[in-house]
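First up is the structure itself, then whatever we jot down about it.
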Amino acid sequence: MRRTHRARPSRRHLRERLVGRRAALTALALALCLAGAAGGTLAWLIDHTQTIQNTFKPSHVDCEVVEDSFEGLSKKGVSVKNTSDIDAYIRVRLVTYRVNEAGQTIGGEATVPDFTPGAGWVKSGEYYYYTKPVAPGAEVTPDLIASMTLEDYGDGEKQALEILAEAIQSEPAQAAGEAWGVTIAEGSVTPYPAGN
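Numbering-wise (my numbering), the sequence shown opens with residue 136 and increments by one.
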């Protein structure tokens, strides 16, 4: 049987192995140092960073009808005030019906008397839209109705008119489109495109 001897590694080969091990150990030591530094920094930030309270406050959108006077069957200076805390678009629907002497709703037909809406107001469908954004706390000028006289039908019956106003945020533009189904631009109101 023949014996084989293993050749001893050369000094050069041993030195290369030793350098390779040292490089690996140095890389491992560096990685551990970096991990420790990152962990320490994170711990310091968590310990020393103060909590900031979220102060987000949602806006509210609302409006109210303003009338200069309502005497007998005459309405004058009918407008709307934006009571929101942001700019808003305003629309108004006029609902009319007959009432008796006691103010109770009775049957019979009633139609909104003819009138010319103020500048900036556009009728679309059953609504009158003011086509410019209204600032918070501002009243729409000019008035929707400068003057209007309601009908007296006799026998104690007369015409009543309710002014129903709504407001919606003016930005983003699609808010009015999605809620009211219209696109509002200065001087015009058009149907909101389906699928938007």
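Glycine included, each C-beta is placed from N, C-alpha and C at the ideal position.
Bear in mind that the values here come from a model prediction, so they are computed numbers and not experimental data.
Item	Value
What would DSSP say about alanine 254, mapped onto helix, strand or coil?	coil
Between which two residues does the beta strand (DSSP E) holding glutamate 301 run?	292-304
What first and last residue would you give for the beta strand (DSSP E) that runs through alanine 281?	280-284
For the alpha helix (DSSP H) that glutamate 313 lies in, which residues bound it at each end?	309-315
Comparing alpha-carbon positions, which option in Gln304, Asp222, Ala254 lies nearest tryptophan 315?	Gln304
Give me whichever residues DSSP pairs with tyrosine 224 in a beta bridge.	Ile303
By a C-beta neighbour count over all protein chains shown, 10 Å radius and 16 as the cutoff for buried, is asparagine 189 buried or exposed?	exposed
Out of Gly312, Gly212, Asp287, point me to the one whose CA is closest to threonine 231's CA.	Asp287
With distance defined between alpha-carbon atoms, name the residue in Thr176, Asp220, Gly207 nearest to proline 193.	Asp220
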